[in-house]
Amino acid sequence: QKEVEQDPGPLSVPEGAIVSLNCTYSNSAFQYFMWYRQYSRKGPELLMYTYSSGNKEDGRFTAQVDKSSKYISLFIRDSQPSDSATYLCAMNMASYDKVIFGPGTSLSVIP
Amino acid sequence: DTGVSQDPRHKITKRGQNVTFRCDPISEHNRLYWYRQTLGQGPEFLTYFQNEAQLEKSRLLSDRFSAERPKGSFSTLEIQRTEQGDSAMYLCASRETGRDTQYFGPGTRLTVL
Chain A
923 QKEVEQDPGP LSVPEGAIVS LNCTYSNSAF QYFMWYRQYS RKGPELLMYT YSSGNKEDGR
983 FTAQVDKSSK YISLFIRDSQ PSDSATYLCA MNMASYDKVI FGPGTSLSVI P
Chain B
468 DTGVSQDPRH KITKRGQNVT FRCDPISEHN RLYWYRQTLG QGPEFLTYFQ NEAQLEKSRL
528 LSDRFSAERP KGSFSTLEIQ RTEQGDSAMY LCASRETGRD TQYFGPGTRL TVL
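Okay, structure coming up:
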């Protein structure tokens, strides 16, 4: 079993849809949780960062963390074609530590 | 541009050749990380530096791989006697002391023929 599992893709939604992306993890020592967006042939770009259970909102993006269930989610409201990318969940045990990534979910938002 | 930069962006080499990649972190970021990403997978940790000291190396980093950060600024990753399995995107990230997040460069895409 991998340390971080992510919903397999690809995911295709119409423009304006609400998107839900999910990850589970096995190591309860993970304390910091991130979502990165990666466009094709580019480096990952940090979208959301949180270190506590609960919700964190930033514009159209909401990150949700449930440490008791070892489950994190990213919600995208009013999805846009420019949101088409691979979304990587990521986590680490300490903020300075190496980051462990999920395999990514490819999202296509169709106009 | 004040982000993390990597050079070259693309490298094609023949099996058995040596290659070296360079990473320039964001200025004054004391931690520098190397990751490798293969197609359809998330990045996997290779090694990281605190200033010039290499603090951790993954088991993925075989003896053919070596990384340096001689003056605590830019870093190089060298792969000796490349193999086809080394074909991947090599990503560099940096982090500022006291900050929580790592910022990634655009990566170097290596193709070993």
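For the record, the sequence lines run as chains A and B. Number 1033 marks the last residue of the first sequence (our numbering); no jumps. Number 580 marks the last residue of the second sequence (our numbering); no jumps. We put the CB at the ideal spot given by N, CA and C, even for glycine.
Cutoff 7 angstroms: residue i Cβ touching any chain A Cβ
i                      : result
residue 512 of chain B : yes
residue 470 of chain B : no
residue 475 of chain B : no
residue 488 of chain B : no
residue 624 of chain B : With chain B covering 468 to 580 only, the question about residue 624 of chain B has no answer from this structure.
residue 571 of chain B : yes
Simplified DSSP state of residue i, which is helix, strand or coil
i                       : result
residue 976 of chain A  : strand
residue 1005 of chain A : helix
residue 508 of chain B  : coil
residue 551 of chain B  : helix
residue 932 of chain A  : coil
residue 958 of chain A  : strand
residue 518 of chain B  : coil
residue 486 of chain B  : strand
residue 474 of chain B  : strand
residue 986 of chain A  : strand
residue 576 of chain B  : strand
residue 546 of chain B  : strand
Beta-carbon proximity list for residue i, same chain, < 8 angstroms, skipping 5 on both sides
i                       : result
residue 486 of chain B  : 478, 480, 545, 546, 549 and 577
residue 1030 of chain A : 932, 933, 934, 935 and 1006
residue 522 of chain B  : 515 and 516
Contact with chain B by residue i, beta-carbon distance below 7 angstroms
i                      : result
residue 971 of chain A : yes
residue 983 of chain A : no
residue 930 of chain A : no
residue 997 of chain A : no
Close Cβ partners of residue i (< 7 angstroms) along its chain, the five nearest in sequence each way excluded
i                      : result
residue 969 of chain A : 957, 958, 959 and 983
residue 579 of chain B : 480, 482, 549, 550, 551, 553 and 554
residue 963 of chain A : none
residue 531 of chain B : 546, 547 and 548
Contact list for residue i against chain A, beta-carbon separation under 8 angstroms
i                      : result
residue 523 of chain B : 1020
residue 558 of chain B : 965 and 966
residue 539 of chain B : Near residue 539 of chain B there are no residues of chain A at all, since even the closest Cβ is about 16 angstroms away, more than 8 angstroms.
residue 532 of chain B : Result: empty, since nearest Cβ-Cβ is about 16 angstroms, beyond 8 angstroms.
Chain-ordered chain A contacts of residue i [CB-CB under 7 angstroms]
i                      : result
residue 567 of chain B : 954, 971 and 1017
residue 562 of chain B : 1018
residue 498 of chain B : 1018
residue 574 of chain B : 965
Contact set between residue i and chain B, taken where Cβ atoms lie within less than 8 angstroms
i                       : result
residue 1025 of chain A : 507, 508 and 509
residue 1010 of chain A : 509 and 510
Chain A residues whose Cβ lies nearer than 9 angstroms to that of residue i
i                      : result
residue 483 of chain B : Within 9 angstroms Cβ-Cβ: nothing; residue 483 of chain B doesn't reach chain A, min ~26 angstroms.
Close-in-space but distant-in-sequence residues of the same chain around residue i (CB under 6 angstroms, 5 per side omitted)
i                      : result
residue 495 of chain B : none
Heavy atom of the ligand NAD within 6 angstroms of residue i beta-carbon
i                      : result
residue 996 of chain A : Looking at this structure, you won't find the ligand NAD or any other ligand, since it has none at all.
Would you check if the stretch 926 to 943 of chain A and the stretch 988 to 998 of chain A touch, i.e. whether three or more CB-CB distances between them fall below 8 angstroms? Flag = yes, the stretch 988 to 998 of chain A and the stretch 926 to 943 of chain A touch.
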